[in-house]
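Under our numbering, the first residue of the sequence shown is numbered 552, with each subsequent residue one higher.
Data block below; observations after.
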Amino acid sequence: MNTQAIQEHASRRERLFIAVRLPEDIQQFLQMQVQPIRNKLDFRKWTDHRDYHITLQFLGDTLMSDVGHLRAALRTVAAEFSRFELQLDTWGTFGLEHSPRVLWRGVSGEVERLHLLQATIVQATKELGFEAELRPYRPHVTVARKYVGHLPGMDNNGVTNLVTEPVSHGNSWTVDGFVLYVTRLAQSPMYETLDTFSFS
Numbered sequence: 552m553n554t555q556a557i558q559e560h561a562s563r564r565e566r567l568f569i570a571v572r573l574p575e576d577i578q579q580f581l582q583m584q585v586q587p588i589r590n591k592l593d594f595r596k597w598t599d600h601r602d603y604h605i606t607l608q609f610l611g612d613t614l615m616s617d618v619g620h621l622r623a624a625l626r627t628v629a630a631e632f633s634r635f636e637l638q639l640d641t642w643g644t645f646g647l648e649h650s651p652r653v654l655w656r657g658v659s660g661e662v663e664r665l666h667l668l669q670a671t672i673v674q675a676t677k678e679l680g681f682e683a684e685l686r687p688y689r690p691h692v693t694v695a696r697k698y699v700g701h702l703p704g705m706d707n708n709g710v711t712n713l714v715t716e717p718v719s720h721g722n723s724w725t726v727d728g729f730v731l732y733v734t735r736l737a738q739s740p741m742y743e744t745l746d747t748f749s750f751s
């Protein structure tokens, strides 16, 4: 890479965020549960199952020249944590019940460890100039966005009435680290792993 290319790379901005990536088997498990819901509800955007994740912090447009410091801070955070267990839990929505912005799947298990991880990452990145979101942290897996309506033959009696089902077993996994994602809006899957940070 020549000097000009290096300078262009350093001055380029990428939309980054930090997240817990769901393992492939959990991604596929959730995809199977989502399929019958897609036959009932019309959302403009359904998340590609390979993009299923739990956001820890959204960083926004970030100079690539700053990523080295960010990586160092995140490696320090990862070294402070050990593995913990999570599992998929109940469904929920953000927004109005009859016209939600987001359909999501919650998580349960050692969620206090997840909250601690999120808070530690936010503190570490704050020292680099990144700002935390003002709203309380609510860990979830986004399944769909921008509700359009019920599909023909379905009564419009609320979205969550159509997605509530017993929480099944066998959907737990061990969280052993987190990832730094870059968003590629024109691609599918849309999120590309920039780096992985494993717990000690």
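Every residue gets a Cβ at the ideal spot worked out from N, C-alpha and C, and that includes glycine.
Model, not experiment: these values are computed from the prediction.
Backbone CA spacing between residue i and residue j [nearest angstrom]
| i | j | result |
| --- | --- | --- |
| ILE605 | VAL585 | 17 Å |
| ARG595 | GLY728 | 31 Å |
| HIS649 | TRP655 | 15 Å |
| GLY680 | ARG564 | 15 Å |
| THR613 | LEU621 | 10 Å |
| THR671 | GLU631 | 10 Å |
| LEU667 | ALA737 | 33 Å |
| PHE568 | PRO574 | 18 Å |
| GLY700 | TRP724 | 33 Å |
| MET615 | TYR688 | 26 Å |
| ASN590 | THR744 | 31 Å |
| TRP597 | TYR698 | 10 Å |
| ALA570 | ALA629 | 12 Å |
| ASP593 | HIS600 | 17 Å |
| GLY643 | ILE588 | 13 Å |
| GLU682 | VAL694 | 26 Å |
Beta-carbon proximity of residue i to residue j, cut-off 8 Å
| i | j | result |
| --- | --- | --- |
| THR676 | ARG566 | no |
| ASP602 | PRO740 | yes |
| LEU665 | ASN722 | no |
| LEU607 | GLN669 | yes |
| ARG696 | ARG634 | no |
| GLY660 | THR641 | no |
| VAL662 | PRO690 | yes |
Supposed close pair residue i, residue j - CB separation, criterion 8 Å
| i | j | result |
| --- | --- | --- |
| ARG626 | PHE748 | 6 Å |
| ARG572 | VAL730 | 5 Å |
| LEU637 | VAL726 | 6 Å |
Any C-beta of chain D under 8 Å from that of residue i
| i | result |
| --- | --- |
| HIS604 | Going by chain labels, chain D is absent from the structure shown, which holds only one protein chain. |
Residue environment, residue i, which counts as buried when at least 16 other CB atoms sit within 10 Å
| i | result |
| --- | --- |
| PHE645 | exposed |
| LEU685 | exposed |
| LEU647 | exposed |
| GLN578 | buried |
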